[in-house]
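Chemist: Be aware that the sequence shown starts at 2, since it is given in this note's numbering, and climbs by one per residue.
Every residue, glycine too, gets a C-beta built ideally from N, C-alpha and C.
These figures come from a predicted structure and were not determined experimentally.
One structure coming up, written as structure tokens, with questions to follow.
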Amino acid sequence: MQMVAAAKMRRAQQAALAGRPYATLMNQVLGEVTARATDFTHPLLEVREERKRAVILVTTDKGLCGSLNSNLLREAAKLDKNTTVYITAGRKGSQFVARTRRQLGAEFTYKDTPLFDEGRAISKFAQELFLKGDVDRVDIMFTAFVSTLVQKPETVPFLPVGRIAGVTSEVGQHAPQPLSSGATEYLFEPSAHHVLGALLPQYLNFKVYQILLEAKASEQSSRMVAMKNATDNAKQIIKDLTLEYNKLRQANITKELLEITSAAMALG
């Protein structure tokens, strides 16, 4: 079990790193286009008075991964029931929403190696809620990968977009830098505004996809550590029980020898 968890963790990290070239190119184009389209407006950029909030809650489907889900759901439980709609990715999140009688907007699943289409479906649903005015803000709650031994719950803003920052393109990179125009000169057709309008939904889709990858890497890492601790604890219990068994066995042997010796002495 421990070896299987380690193998899955490596695959999850490799999948999270696989999108790096695409993210780098997108960052370069977004950096250039945002530098030129300074007066750009878009419905996804609209800042409204917050009356209703949606939260994309990224959890696991299964347990046996330590305190990964409990730490994240503890933060989710602090949100106001009456003004928060939950969009869950993972069975544990859906169970939490049902158990605490909170409002569930939609339930999504994703595989051991998340697909871009799965992230896009979640992103598209959240964008539709925001554009229709059903919610005024969307955040994403997930478990960020810090290291093999450390994963921490994080909440990142999703909508409105606000200032566009670099897409997370590497596992463990949680503070992307704001995009800036580089040395490469781009020509936009028909205009920078049209290009940014087309790229913005794609940027959000990729952001959700990267978060799913990182959450999966955190899950597999946490499960590997939990399985290692369980194995070590089981070995220690076996060692303690074996020692106790040998002590009782030795005591019984000594008792029987004493009884035999006493009987022989009594018979002369």
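Taking the straight line between their C-alpha atoms, what separation do you get for Ala145 and Lys248?
Modeler: The straight-line gap from Cα to Cα measures roughly 48 Å.
Chemist: Within 10 angstroms of its Cβ, does Met266 collect 16 or more other Cβ (buried), or is it exposed?
Modeler: Exposed, by the Cβ-count rule.
Chemist: Taking only beta-carbon positions, decide if Gln211 is within less than 8 Å of chain B.
Modeler: Of the chains in the structure shown, none is chain B; there is only one protein chain.
Chemist: In the DSSP output, what is Ile88 paired with across the bridge?
Modeler: Paired residue(s): Ile57 and Ala107.
Chemist: Thinking just about the alpha-carbon of each residue, which of Asp135, Leu150 and Ser148 is nearest to the one in Leu160?
Modeler: Per the Cα distances, Asp135.
Chemist: Per DSSP, what kind of secondary structure is Pro115 in: helix, strand or coil?
Modeler: Reduced to three states, the DSSP call for Pro115 is coil.
Chemist: Roughly how far, in whole angstroms, is the beta-carbon of Val56 from the beta-carbon of Gly120, given that I think they are within contact range, below 8 Å?
Modeler: Not quite, the Cβ-Cβ distance comes to about 16 Å (not below 8 Å), so this is no contact.
Chemist: Span of the beta strand (DSSP E) holding Asp140?
Modeler: Start and end: Arg138 to Phe146.
Chemist: Can you give the Cα-Cα distance for Gln128 and Pro115, rounded to whole angstroms?
Modeler: The alpha-carbon atoms of Gln128 and Pro115 are separated by roughly 20 Å.
Chemist: Three or more beta-carbon pairs under 8 Å between the segment 234 to 252 and the segment 89 to 99, yes or no?
Modeler: At 8 Å Cβ cutoff, the stretches do not touch.
Chemist: Would you please state the rounded distance, in angstroms, between the beta carbons of Arg54 and Thr85? I believe it to be under 8 Å.
Modeler: Their Cβ separation, rounded to whole angstroms, is 5 Å, which keeps Arg54 and Thr85 in contact under 8 Å.
Chemist: Name the DSSP beta bridge partners of Val226, please?
Modeler: According to DSSP, which records beta bridges pairwise, Val226 is partnered with nothing at all.
Chemist: Does the distance from the C-beta atom of Leu74 to that of Ser223 stay below 8 Å?
Modeler: Not in contact: Leu74 and Ser223 (Cβ atoms no closer than 8 Å).
Chemist: What whole-angstrom Cβ distance do Pro154 and Asp140 have, given they're in contact under 8 Å?
Modeler: Not confirmed; about 12 Å, so no contact.
Chemist: Looking at C-alpha atoms only, which residue of Leu105, Leu45, Thr149 and Ile261 is the closest neighbour of Lys133?
Modeler: Answer by Cα proximity: Leu45.
Chemist: Checking the sheet assignment: what are the DSSP bridge partners for Gln152?
Modeler: Looking at the DSSP assignment, Gln152 forms a beta bridge with Phe146.
Chemist: Taking only the alpha-carbon atoms, compute the straight-line gap between Ser71 and Leu201 and give it to the nearest angstrom.
Modeler: Looking at the two C-alpha atoms, the distance is approximately 33 Å.
Chemist: Is the separation between the beta-carbon of Asp137 and that of Gly91 shorter than 8 Å?
Modeler: Cβ distance not < 8 Å, so Asp137 and Gly91 don't count as in contact.
Chemist: Please state the DSSP three-state secondary structure of Val157.
Modeler: DSSP places Val157 in strand when its eight states are reduced to three.
Chemist: Rounded to whole angstroms, what is the Cα-Cα separation between Asp233 and Met225?
Modeler: Computed Cα separation, rounded: 12 Å.
Chemist: To the nearest angstrom, report how far apart Val59 and Glu245 are at their CA atoms.
Modeler: The straight-line gap from Cα to Cα measures roughly 45 Å.
Chemist: If you compare alpha carbons, which of Asp118, Lys79 and Gln104 is closest to Tyr87?
Modeler: Among Asp118, Lys79 and Gln104, the Cα nearest to that of Tyr87 belongs to Gln104.
Chemist: Alpha carbons only, please: which of Ser219, Asp81, Lys79 and Thr101 is nearest the one belonging to Val147?
Modeler: Of the listed residues, the one whose Cα sits closest to Val147 is Ser219.
Chemist: In terms of residue numbering, what span does the alpha helix (DSSP H) encompassing Ser192 cover?
Modeler: Neither: Ser192 is in no alpha helix (DSSP H) and is coded neither H nor E.
Chemist: Give me the Cα-Cα distance between Ala193 and Tyr204, rounded to the nearest whole angstrom.
Modeler: The straight-line gap from Cα to Cα measures roughly 15 Å.
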